[in-house]
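**Q**
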Amino acid sequence: MMIRLRLTLLYSGILIATLFVFGSAVYGVLYRTLRLQADNQLTDTLNSIEPEIRSTMNKQGEIDYTPPLSDRDSFQAAGVFVQFWLPEYEYPILLSPNFGHYYTSLDHRSLNADHEIFTTVWIHDTPMRVATRPLEIDGQIVGHLQAAVSLQTIDDATTKLSVILLVGGGLAVLSSFLLGNWLASRALRPISRITETAQAIVAADDLNLRVPDDGPQDELGSLVTTINQMLERIGKLFHTQRRFTADISHELRTPLTAIQGHVELIERFGHDAGSIAAIKAEVNRMIALVGDLLLLAQADTGRYTLNHGSVELSTLMLETYNRAQVLNQRGVKLVLGEVDHLVVEGDAERLKQLLSNLIVNAFKYTEPDGTVTLTLEHVDRWAEIKVADTGIGIPAEHLPHIFTRFYRVDEARARSAGGSGLGLSIALWIAEAHHGTLTVESEVGKGTTFTLRLPLNHQGENK
Ligand code: ADP
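One point on numbering: in the numbering used here, the residue at position 409 of the sequence shown is 413, and numbering is uninterrupted.
(1) Could you check where the beta strand (DSSP E) with Met132 kicks off and where it finishes?
(2) Less than 8 Å separating the beta-carbons of Tyr107 and Tyr93?
(3) At a threshold of 7 Å, does Ile363 count as lining ligand 1 (C-beta to nearest heavy atom)?
(4) Give the secondary structure of Lys450 by DSSP, where H, G and I count as helix, E and B as strand, and everything else as coil.
(5) Spatial neighbours of Gln463 within its chain, please: C-beta separation below 8 Å, excluding the five flanking residues on both sides.
(6) Looking at the structure shown, is Leu38 part of a helix, part of a strand, or coil, going by DSSP?
(7) Within 8 Å, do at least three Cβ pairs link the stretch 359–374 to the stretch 336–346?
(8) Please say whether Ser114 and Thr136 have beta carbons closer to each other than 8 Å?
(9) With DSSP as the reference, label Glu56 as helix, strand or coil.
(10) Quick test of the definition: if touching needs 3 or more C-beta pairs under 8 Å, does the stretch 43–54 touch the stretch 204–213?
(11) Let me know if Ser179 comes out buried or exposed under the rule of 16 or more other beta-carbons within 10 Å of its beta-carbon.
(12) Do Val343 and ligand 1 come close, with the Cβ less than 7 Å from some heavy atom?
(13) May I ask you to check if the CB of Leu380 is nearer than 7 Å to at least one heavy atom of ligand 1?
(14) Using the Cβ count rule (16 or more neighbours within 10 Å means buried), how would you classify Asp393?
(15) Using the C-alpha atoms, what's the distance from Leu110 back to Leu90?
(16) Decide if Lys467 is buried, meaning its Cβ has at least 16 other Cβ atoms within 10 Å, or exposed.
(17) Give the single residue among Lys390, Lys450, Trp386 whose Cα lies nearest to the Cα of Thr438.
(18) With DSSP collapsed to three states, give me the class of Gln333.
(19) Over what stretch of residues does the beta strand (DSSP E) that includes Gly313 continue unbroken?
(20) If you scan the stretch 253–330 from start to end, which runs of the alpha helix (DSSP H) of 4 or more residues do you find wholly inside it?
(21) What are the complete alpha helix (DSSP H) segments, minimum 4 residues, inside the stretch 349–412?
(22) Looking only at its own chain, which residues have a Cβ that is under 6 Å from the Cβ of Arg8, when we skip the five neighbours before and after it?
(23) Just to confirm before moving on: does the CB-CB distance between Gln150 and Pro131 stay below 8 Å?
(24) Tell me whether Pro101 sits in a helix, a strand or coil according to DSSP, three-state version.
(25) Smallest Cα separation from Leu139: which of Asp159, Asp118, Asp129?
(26) Let me check understanding here. Comparing Cα to Cα, which of Gly440, Asn185, Glu200 lies closest to Leu355?
(27) Going by alpha carbons, who is nearest to Thr309 out of Asp351, Ile97, Leu256?
(28) Is the beta carbon of Asn361 sitting closer than 8 Å to the one on Ile406?
(29) So for Arg8, helix, strand or coil by DSSP?
(30) Would you identify the three-state DSSP class for Trp186, choosing helix, strand or coil?
(31) Count the C-beta pairs between the stretch 255–265 and the stretch 277–289 that are closer than 8 Å, then say yes if the count reaches three, no if not.
(32) Quickly, what does DSSP pair Phe122 with across the bridge? List them, please.
(33) Just the Cα atoms here: how many angstroms apart are Ser415 and His312?
(34) Applying the criterion that 16 or more other CB atoms from any shown protein chain within 10 Å of the CB defines a buried residue, is Met321 buried or exposed?
(35) Can you give me the start and stop residues for the alpha helix (DSSP H) that Ile195 sits inside?
(36) Can you find the residues in the same chain that come closer than 7 Å, C-beta to C-beta, to Ile18, ignoring five residues on each side of it along the sequence?
Laid out in structure tokens, this is it:
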């Protein structure tokens, strides 16, 4: 069953139950109150007549008829019928004048009652409330007083009330069903739109589709906004993923094509040291690329765990400096500037990898007569490492993108320099995994400075 119908039925059901309870209570209270009023009226009448009848009786229960009781006021009460019956009599011994010639008992079955009782009987199609009170003299029942009032007015009133309650309740339920159905379908319309959009995305394979967001910003409105934001994000991720896959294929194809060329040369002309060296270089490049890809894939899925420990940054800097000297084949000057003694919490190997990525880049994009300077300073609560070069610099429009995977400012130059385009994205990931930051400042023709900031641990601050 659809949610809309379920909601409408549920609300209508609750309304029916509420109306039923409320209507029954109103009906019951009114009926009981009116009935009680009739009973009280009967009791009052019997109370006033009883002493008068007693005063006319002798000890044997015989009645002295003078003066005639029927002339007394209590017998004349409008709308109240009174009879007094002696045992074994077929006719009432006394009856109020409003009876005319009606001599039948108001309720003959109650005439043997030994205590006061109230009954409801039908006389000539009229509902009557009858009170029967036995009259005792010296413990002997000498007769029965009966008083009655018509319940017709009460019945009419309660019947009208029940008709009003039924018709009014029925109309209320019907209108609430129709209104509820309309409101529910209006309220749930955004969900239909979401479903339609989702189906359209599946059918057209188009992540650019969005759910129309022109409704009020209620719960469903914010759901629509969230879904659209989600689609936006999924679309971007999907796009990045596609580009990433295309980039990887491209990156792998280049060395493979080179290897294929060299293998063909060897096949044709036999062994050649140059070709073997070139193949080795391409294979090393592919191994490095696959290693970088694996690291990023593990980082993306959160499966890469850092080996945490206390890292003495000055030692780490020195080690990186010594290793970098070996890599420095183009003769760029590498200078170790100010190095403070600082300790951070982190993974020494990954931090070395980060620094070496930055230094290798600096070597690649700096002319042989240029300089690369490494410094380590204590700045506020941070250990700040700078890798500054006097190289070609990065144009301002490229700066926001250089940490993007496979992004290169100068495709040909970067490739010929042996870069995979992943170095800076890995460096940034390592910095962020250590709760640090990696920023860049650069001026074309003057040089580039990468600044790594790592949060100091307690020891580091008390250097
Ligand atoms: P690559 O392997 O191509 O060097 P990276 O992610 O390490 O990839 O760097 C991305 C791009 O940023 C490089 O292609 C280069 O254009 C630019 N870049 C990085 N470091 C420097 C630098 N020190 N000087 C100038 N350009 C740089």
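Note that beta-carbon positions come from the ideal geometry of N, C-alpha and C, so glycine has one too.
**A** If we stick to the structure as given:
(1) Against the sequence shown, residue 132 aligns to sequence position 128. Boundaries of the beta strand (DSSP E) around Met132: 130–141.
(2) In the sequence shown, residue 107 corresponds to position 103, counting from 1. In the sequence shown, residue 93 corresponds to position 89, counting from 1. Against a cut-off of 8 Å, the Cβ pair of Tyr93 and Tyr107 comes out as no contact.
(3) Sequence index remark: in the sequence shown, residue 363 carries index 359 (1-based). With a threshold of 7 Å, the Cβ atom of Ile363 does not count as near ligand 1, since no heavy atom of the ligand is closer than that.
(4) Numbered from its first residue, the sequence shown carries residue 450 at position 446. Reduced to three states, the DSSP call for Lys450 is coil.
(5) As a first step, residue 463 is located in the sequence shown; it is residue number 459 there, counting from the start. With a pLDDT of 49 at Gln463, under the threshold of 50, the modelled position of that residue is not reliable, and no figure is offered here.
(6) As a position in the sequence shown, residue 38 is number 34, starting the count at 1. Here Leu38 sits in helix by DSSP.
(7) A contact exists between the stretch 336–346 and the stretch 359–374.
(8) The residue labelled residue 136 in the question sits at position 132 within the sequence shown. The residue labelled residue 114 in the question sits at position 110 within the sequence shown. Taking 8 Å as the cut-off, the Cβ atoms of Thr136 and Ser114 count as close.
(9) In the sequence shown, the residue the question calls residue 56 occupies position 52. In the displayed model, Glu56 falls within a helix according to three-state DSSP.
(10) Taking 8 Å as the limit for Cβ pairs, the verdict is that the stretch 204–213 does not touch the stretch 43–54.
(11) Start at 1 with the first residue of the sequence shown, and residue 179 comes out as number 175. Exposed: under 16 other Cβ atoms inside 10 Å.
(12) One-based indexing of the sequence shown puts residue 343 at position 339. False, no ligand heavy atom lies under 7 Å from that Cβ.
(13) As a working note, residue 380 is residue 376 in the sequence shown. Judged by the Cβ position, Leu380 fails to qualify as a neighbour of ligand 1 at the 7 Å threshold, every heavy atom of the ligand being at least this far.
(14) Here the question's residue 393 lines up with position 389 in the sequence shown. So Asp393 counts as buried.
(15) Start at 1 with the first residue of the sequence shown, and residue 90 comes out as number 86. Start at 1 with the first residue of the sequence shown, and residue 110 comes out as number 106. Between Leu90 and Leu110, the C-alpha separation is close to 14 Å.
(16) The residue given as residue 467 occupies position 463 in the sequence shown. Reliability of the predicted coordinates at Lys467 is poor, the pLDDT of 41 falling under 50, and the value obtained from them is presented with this limitation in mind. Flag for Lys467 reads exposed.
(17) Along the sequence shown, read from residue 1 onward, the residue named residue 438 stands at position 434. The question names Thr, but residue 438 in the sequence shown is His. Closest option to His438, Cα to Cα, is Trp386.
(18) Taking the sequence shown and counting its residues from 1, one reaches residue 333 at position 329. Coil at Gln333, not helix or strand.
(19) Within the sequence shown, the letter at position 309 stands for residue 313. Here the beta strand (DSSP E) through Gly313 covers 313–316.
(20) Correct list: 277–304.
(21) For the stretch 349–412, whole alpha helix (DSSP H) runs of length 4 or above, ordered along the chain, are 352–368.
(22) By 1-based counting over the sequence shown, the position of residue 8 is 4. Once the five neighbours on either side are set aside, the close Cβ partners of Arg8 are Ala188, Ser189, Leu192.
(23) Position 146 of the sequence shown, counted from the first residue, corresponds to residue 150. Position 127 of the sequence shown, counted from the first residue, corresponds to residue 131. Not closer than 8 Å, so no.
(24) Numbered from its first residue, the sequence shown carries residue 101 at position 97. DSSP places Pro101 in helix when its eight states are reduced to three.
(25) Mapped onto the sequence shown, residue 139 falls at position 135. Checking every option, the nearest Cα to that of Leu139 belongs to Asp118.
(26) Residue mapping note: residue 355 aligns to position 351 of the sequence shown, counting from 1. When each option's Cα is compared against that of Leu355, the closest is Gly440.
(27) Residue mapping note: residue 309 aligns to position 305 of the sequence shown, counting from 1. The shortest C-alpha separation from Thr309 is found at Asp351.
(28) Here the question's residue 361 lines up with position 357 in the sequence shown. Here the question's residue 406 lines up with position 402 in the sequence shown. No. Outside cutoff.
(29) Within the sequence shown, residue 8 is the residue found at index 4, counting from 1. In the structure shown, Arg8 sits in a helix (DSSP, three-state: H, G or I).
(30) Within the sequence shown, numbered from 1, the residue matching residue 186 stands at position 182. Reduced to three states, the DSSP call for Trp186 is helix.
(31) Using a Cβ-Cβ distance cut-off of 8 Å, the stretch 255–265 and the stretch 277–289 are in contact, since at least three pairs of beta carbons, one from each stretch, lie closer than that value.
(32) The residue labelled residue 122 in the question sits at position 118 within the sequence shown. Answer is Ala135.
(33) Counted from its first residue, the sequence shown places residue 415 at position 411. Counted from its first residue, the sequence shown places residue 312 at position 308. At residue 415 the sequence reads Glu, which differs from the Ser that was named. Rounded to the nearest angstrom, the two C-alpha atoms are 36 Å apart.
(34) Here residue 321 corresponds to residue number 317 of the sequence shown, with the count starting at 1. Taking all protein chains shown into account, Met321 has 16 or more neighbouring C-beta atoms within 10 Å of its C-beta and is therefore buried.
(35) Locating residue 195 in the sequence shown gives position 191, counting from the first residue. Per DSSP, Ile195 belongs to the alpha helix (DSSP H) from 193–208.
(36) The sequence position of residue 18 within the sequence shown is 14, counting from 1. Excluding five sequence positions before and after Ile18, none of the CB atoms of its chain fall closer than 7 Å to its own CB.
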